[in-house]
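There are 2 protein chains.
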Amino acid sequence: MEMIFLKKLGKQTIQFDTPPTILECASIVGPKEAQGPLAKYFDQTLDDEFWGEKSWEKAESKIIKETVNTVVSKSGVPSEQIDCCFAGDLLNQCISSSFGLRELNIPFFGVFGACSTFVESLSLGSICIESYANNVLCATSSHFCSAEKQFRFPLELGNQRPPTSQWTVTGAGATILTKSGQGPFVTCITPGKIVDMGIKDANNMGAAMAPAFADTVIAHFLDTGRSPNYYDAIISGDLGYIGKDIAIDILRSQGYNVKSNYNDCGVLIFDKASQDTHAGGSGCGCCGSVFSGYLFKQLQERKIKKLLLVATGALMNSTSSQQGESIPGIAHAISIEV
Amino acid sequence: MEMIFLKKLGKQTIQFDTPPTILECASIVGPKEAQGPLAKYFDQTLDDEFWGEKSWEKAESKIIKETVNTVVSKSGVPSEQIDCCFAGDLLNQCISSSFGLRELNIPFFGVFGACSTFVESLSLGSICIESYANNVLCATSSHFCSAEKQFRFPLELGNQRPPTSQWTVTGAGATILTKSGQGPFVTCITPGKIVDMGIKDANNMGAAMAPAFADTVIAHFLDTGRSPNYYDAIISGDLGYIGKDIAIDILRSQGYNVKSNYNDCGVLIFDKASQDTHAGGSGCGCCGSVFSGYLFKQLQERKIKKLLLVATGALMNSTSSQQGESIPGIAHAISIEV
C-alpha cells in the first residue's frame with residue numbers, strides 16, 4: 377500500500393504532485409517523412425511504404441511493432457516489468473495496434489481519439505503510473521497509404537488533393553512512462569471535451585479540429601492559472617497550416633496570444649516549399665513521431681523546458697461524411713516539464 | 377491532496393482497497409432484444425431499428441446518447457460533476473460514441489476493445505475514480521444493422537448466416553462510477569493481454585475469443601488466489617454458445633471447473649429456441665446492456681453478491697480478414713461485489 381498524490385485542478389485539469397517521468401521514446405517513419413526537416417531525429421526511416429510486407433496495413437502494424445520494440449530496448453525496462461500498454465491508430469477497429477502488438481504479452485488498453493490518440497494514451501498512462509503502475513507503454517501509428525485507401529480514394533486513381541487537405545504521416549511513436557525518474561515529467565493533463573462547430577468538409581480537418589484545440593487550451597489556462605508565456609512551446613497535434621492559423625485567431629479573440637511560442641506537429645514534420653503536402657501532416661503517427669523523435673530530444677537537451685503538447689483529433693469516418701454529418705473534434709493537452 | 381489506496385496484485389491484477397461504487401446503470405435495446413428473456417430488465421426497448429433516424433449509424437448514436445441521458449438522470453449526479461467519460465463502439469472510428477456523445481460537455485476518452493470495450497471502460501473508469509475523479513461515466517453501444525453492413529454484407533442481400541455466427545446486439549449500456557457509495561463495489565480488475573491462437577474464421581468469433589477469456593480468468597485466479605467458486609457468477613462478455621463451450625473446456629484442462637456458475641451475456645440475451653440467433657449475441661452493446669440491465673439489478677437485489685464480469689473482444693476488421701489474417705482476441709475482467 378502506498379500513498380499517491382493526484383488532484384483535480386479547476387474543472388478539467390489533473391495535476392500530478394509526484395509526476396510520472398517520460399523515460400524513453402522511439403519513432404520510425406516512412407520515406408516522405410525521411411525527406412522532411414525532422415529526419416535526423418527519428419530512430420529509423422524507411423525506404424518505402426511497404427517495408428517488405430504485402431499490404432500497407434501489415435506495414436503499418438510492423439512499424440508500430442518495431443517502434444515499440446525499439447523503445448523497450450532503449451529504455452532497458454524488461455517487458456515483463458511494463459504493467460500495461462495504451463495504443464491506438466486510425467485504421468478501422470484499430471487493427472494496426474492490435475495486430476502489431478499482439479505478441480507483446482502486456483495487458484492492453486485500446487484507445488481511439490483519432491489524431492489525438494497519442495496524448496490520450498500518455499494521459500491515461502500517466503494516471504495509471506500515479507495510481508498503480510511502475511511502467512506504462514504508450515504507442516500510436518498511422519500510414520499515408522492505408523489511411524488514404526480507407527478514408528478517401530484508392531491511391532491508384534491519382535486523385536487531386538484539395539489545398540486544405542493534410543498528408544497522413546507514415547510513422548509511429550512510442551513512449552515509456554515510469555514512476556520514479558529524473559524527468560521530463562508529466563506535470564498535468566487536461567483531457568478534452570468533444571467540440572463540434574459544424575464543419576462538414578472532410579478535406580479540411582484543421583478547421584474542424586481548431587475549435588477543440590482552443591477549448592482545451594483555454595480550459596488548461598483557466599484551470600492552472602497559467603498564461604501562454606508559461607510555456608517555452610505550445611505544440612498542437614496536427615492542425616496543419618490552416619488549422620494553426622484558425623487556432624491562433626480563436627485564441628487571440630479570447631485574449632490569449634500564442635503567436636510567439638506556438639507551433640504544430642503537422643507543420644513541423646514536412647517542408648512546405650518542397651514536399652507538396654498542402655496543409656501539412658496529420659495522423660496518429662504525426663504527433664507520436666514528432667514528439668517521440670524531435671520534441672523529446674528538445675526536452676532532454678533542455679532546449680524546451682516547459683512544453684504543452686495538445687494532440688487534436690477529428691472523430692469522424694467516411695460513412696458519417698457520406699451521411700452529411702459534421703466533424704466533431706477533440707483535443708487532449710499534457711504539460712511536460714524538465 | 378488526498379490519499380489513495382491501490383495496489384498491484386500478482387502479475388496482472390489491480391486491487392482497490394477503497395473500491396469505487398457502481399452508482400447507477402441504464403440500458404436501451406432494440407426490438408429483437410425486447411423479445412428476449414431479459415426484456416423486462418432494460419430501461420427502454422425500441423419498436424424498430426431506426427428509432428426515427430435516417431440511418432442505422434444515426435440510430436446507434438441516438439441509442440448511446442439516450443442511454444447516457446437516462447443513467448445521468450437516474451443517478452441524480454449533475455453532469456457537470458462527472459469528471460470524465462469513457463466510451464466506445466464497433467463502428468469504424470467509433471462514430472456511434474463520438475457523434476452520440478458530442479453534446480455531453482464532459483472530458484471524453486475514446487476506447488476500443490471491440491466487444492470487450494464495456495469492461496475496458498469500467499476498468500479505466502475505476503482507476504480514474506481511485507486516482508482523481510469523483511464520478512465517471514462509462515458507455516458502449518452496438519447495432520445489428522450497422523454492424524452487419526460494416527463487417528459482413530448488405531442486409532438487403534438476405535445472406536445466410538453460418539451456425540457459428542453471432543448476432544450483434546442492438547443496444548447500449550451506461551454506468552456511473554462514484555468514489556463514495558454503498559456498492560456494488562469494483563473490488564479488482566484484471567486487464568487482459570492480446571491472445572491470438574490462429575483462428576481465421578470471422579464467422580466464429582466465439583472460438584477466436586475463448587482463449588483470451590481463459591487467459592485473463594486464469595491470471596485473475598492466480599493473482600488473487602481465488603478459485604472459481606469464490607464467485608456467485610462468472611459472466612463472459614459475449615463468447616456465445618460455441619465460445620462458452622470452448623472456454624469451459626480450456627478452463628477444465630487447466631484445472632478450473634466453472635460449469636456451475638459460468639454463463640455468457642450473448643447466451644443470456646436471446647432465447648435459443650425461438651430467436652434464431654445461431655451462436656448467440658455479441659457486440660459492445662451486448663455486455664453493456666446485459667450488465668447495465670440484468671446483472672446490475674441482480675447485484676442490487678443481492679441475488680448475485682460476487683460477480684466476475686469478463687468482456688471479450690475480437691480485434692479484427694473486414695480488411696484484416698480479407699488479407700488472410702487470424703483474429704486476435706482480448707478479455708478484460710472486473711470483480712464486482714456487494
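Protein chains in written order, with our numbering: chain A, 377 to 714; chain B, 377 to 714. All C-beta atoms, glycine included, are put in the ideal place defined by N, C-alpha and C.
Would a check of beta-carbon distances place A:C470 closer than 8 Å to chain B?
-> Numbered from 1 along the first sequence, position 94 holds the residue referred to as residue 470 of chain A. Taking Cβ atoms only, chain B reaches closer than 8 Å to A:C470, which makes this a yes.
3 or more residues per run - each beta strand (DSSP E) lying fully within the region 594 to 619 of chain A = 609 to 612
To the nearest angstrom, how far is it from the Cα of B:K387 to the Cα of B:S437?
-> Here residue 387 of chain B refers to the residue found at position 11 of the second sequence. Here residue 437 of chain B refers to the residue found at position 61 of the second sequence. Their backbone Cα atoms lie some 37 Å apart in a straight line.
Please compile the residues from chain B whose C-beta is within a distance smaller than 7 Å of the C-beta of A:A490.
-> For the purposes of this step, residue 490 of chain A is identified with residue 114 of the first sequence, where counting begins at 1. Per Cβ cutoff of 7 Å: Q469.
Label A:A649 either buried or exposed according to how many other C-beta atoms from any shown protein chain fall within 10 Å of its C-beta, with 16 as the threshold for buried.
-> The count along the first sequence starts at 1 and reaches residue 649 of chain A at position 273. With fewer than 16 Cβ atoms within 10 Å of its Cβ, A:A649 is classed as exposed.
Using a beta-carbon distance cut-off of less than 7 Å, what residues from the region 683 to 705 of chain B approach chain A?
-> L691, M692, N693, T695, S696, Q699, E701, P704
Decide if B:S636 is buried, meaning its Cβ has at least 16 other Cβ atoms within 10 Å, or exposed.
-> Position 260 of the second sequence, counted from the first residue, corresponds to residue 636 of chain B. Exposed, by the Cβ-count rule.
If you follow the beta strand (DSSP E) that A:T443 is part of, which residue opens it and which one closes it?
-> Along the first sequence, read from residue 1 onward, the residue named residue 443 of chain A stands at position 67. No beta strand (DSSP E) holds A:T443; the alpha helix (DSSP H) holding it covers 432 to 451.
Distance between beta carbons of A:G613 and A:C663, contact taken as under 8 Å | Position 287 of the first sequence, counted from the start, is the residue given in the question as residue 663 of chain A. Position 237 of the first sequence, counted from the start, is the residue given in the question as residue 613 of chain A. Right, the Cβ-Cβ distance comes to about 4 Å (below 8 Å), so this counts as a contact.
Hey, quick one: how far does the beta strand (DSSP E) through A:Q536 stretch, first residue to last?
-> Position 160 of the first sequence holds residue 536 of chain A. First-last for A:Q536: undefined, no H or E at that position.
Kindly give me the distance between the Cβ atoms of B:Y638 and B:I610, rounded to whole angstroms, as I take these residues to be in contact under 8 Å.
-> For the purposes of this step, residue 638 of chain B is taken as residue 262 along the second sequence, with counting starting at 1. For the purposes of this step, residue 610 of chain B is taken as residue 234 along the second sequence, with counting starting at 1. The pair is a contact, with the Cβ atoms about 5 Å apart (cut-off 8 Å).
Kindly indicate the opening and closing residues of the alpha helix (DSSP H) around B:S636.
-> Sequence index remark: in the second sequence, residue 636 of chain B carries index 260 (1-based). Per DSSP, B:S636 belongs to no alpha helix (DSSP H) and is neither H nor E.
Where does A:E677 land, buried or exposed, given buried means 16+ other C-beta within 10 angstroms?
-> As a first step, residue 677 of chain A must be located in the first sequence, where it is residue number 301. Burial call: exposed.
Since A:F484 sits in a beta bridge, which residues does DSSP pair it with?
-> Residue numbering aside, residue 484 of chain A sits at position 108 when the first sequence is read from its first letter. Paired residue(s): A:C461.
Residues in its own chain within less than 6 Å of B:P704 by CB, not counting five upstream and five downstream?
-> The count along the second sequence starts at 1 and reaches residue 704 of chain B at position 328. So the list reads I570, D572, L691, once near-sequence residues are dropped.
Starting from the C-beta of B:A410, find all residues in its chain whose C-beta is less than 6 Å away, skip the five residues before and the five after it, and write them out in chain order.
-> Position 34 of the second sequence, counting from 1, holds the residue named residue 410 of chain B. Counting only Cβ-Cβ distances below 6 Å, and skipping sequence neighbours, we find T421.
Evaluate B:K416 with the Cβ neighbour count: other Cβ atoms within 10 Å of its Cβ, from every protein chain shown; 16 or more gives buried, anything less gives exposed.
-> Numbered from its first residue, the second sequence carries residue 416 of chain B at position 40. The residue in question, B:K416, is exposed, as its Cβ has fewer than 16 Cβ neighbours within 10 Å.
Between the C-alpha atoms of B:F730 and A:V453, what's the straight-line distance to the nearest angstrom?
-> For residue 730 of chain B there is no data in the structure shown, the boundaries of chain B being 377 and 714.
Report back the beta-carbon spacing between B:G619 and B:V545 to the nearest angstrom; my notes put them in contact at under 8 Å.
-> As a first step, residue 619 of chain B must be located in the second sequence, where it is residue number 243. As a first step, residue 545 of chain B must be located in the second sequence, where it is residue number 169. Actually they do not touch by this definition, with Cβ atoms about 15 Å apart.
Work out the CA separation of B:I404 and B:S665 for me, nearest whole Å.
-> Counting from one through the second sequence, the residue named residue 665 of chain B turns up at place 289. Counting from one through the second sequence, the residue named residue 404 of chain B turns up at place 28. In a straight line, the C-alpha of B:S665 is about 7 Å away from that of B:I404.
So, is the C-beta of A:K679 closer than 8 Å to a C-beta in chain B?
-> Counting from one through the first sequence, the residue named residue 679 of chain A turns up at place 303. No, its Cβ sits nowhere closer than 8 Å to a Cβ of chain B.
Helix, strand or coil at B:N511 according to DSSP, with G and I counted as helix | The sequence position of residue 511 of chain B within the second sequence is 135, counting from 1. Here B:N511 sits in strand by DSSP.
Does DSSP put A:Q526 in a helix, in a strand, or in coil?
-> In the first sequence, the residue the question calls residue 526 of chain A occupies position 150. Reduced to three states, the DSSP call for A:Q526 is helix.
Contacting positions in the region 477 to 506 of chain B - beta carbon closer than 9 Å to chain A = L477, R478, E479, L480, N481, I482, P483, F484, F485, G486, V487, F488, G489, A490, S492, T493, E496, S499, L500, I503, C504, E506
Cβ-based contacts, 7 Å cut-off: residues of the region 554 to 571 of chain B near chain A | P567, G568, K569, I570
Can you name the residues that DSSP bridges to A:L553?
-> Here residue 553 of chain A refers to the residue found at position 177 when the first sequence is read from its first residue. A:I398, A:V512.
A:S517 touches chain B at which residues, Cβ-Cβ below 7 Å?
-> Locating residue 517 of chain A in the first sequence gives position 141, counting from the first residue. Going along chain B, no residue has its Cβ under 7 Å from A:S517, so there is no contact; the nearest lies around 14 Å.
Entirely enclosed beta strand (DSSP E) segments - the region 552 to 593 of chain B, minimum 3 residues = 561 to 566
Is the beta carbon of B:T551 less than 8 Å from the beta carbon of B:I398?
-> Residue numbering aside, residue 551 of chain B sits at position 175 when the second sequence is read from its first letter. Residue numbering aside, residue 398 of chain B sits at position 22 when the second sequence is read from its first letter. In this structure, B:I398 lies closer than 8 Å to B:T551 by Cβ.
Look at the alpha carbon of A:P539 and the alpha carbon of A:A578, and state the distance between them as a whole number of angstroms.
-> Within the first sequence, the letter at position 163 stands for residue 539 of chain A. Within the first sequence, the letter at position 202 stands for residue 578 of chain A. One C-alpha to the other measures close to 12 Å.
B:T688, DSSP secondary structure in three states | Your numbering for residue 688 of chain B matches position 312 in the second sequence. Note: B:T688 maps to strand in three-state DSSP.
Cβ of A:D459 within 7 Å of any heavy atom in the ligand GDP?
-> Absence of the ligand GDP from the depicted structure is noted, as is the absence of any ligand whatsoever, leaving it without description.
B:F488 to A:V487, Cα distance in whole Å?
-> Residue numbering aside, residue 488 of chain B sits at position 112 when the second sequence is read from its first letter. Residue numbering aside, residue 487 of chain A sits at position 111 when the first sequence is read from its first letter. If I take the Cα positions, the gap works out to 5 Å.
Taking Cβ positions only, does A:V714 come closer than 8 Å to chain B?
-> Position 338 of the first sequence, counted from the first residue, corresponds to residue 714 of chain A. Not an interface residue.
In chain A, which residues lie less than 9 Å from B:G659 when you measure between Cβ atoms?
-> Against the second sequence, residue 659 of chain B aligns to sequence position 283. The premise fails here: B:G659 is roughly 13 Å from chain A at the closest Cβ pair, so nothing lies under 9 Å.
Should B:N693 be labelled buried (16 or more other beta-carbon atoms within 10 Å of its own) or exposed?
-> Working through the second sequence from its first residue, we reach residue 693 of chain B at position 317. That one is buried.
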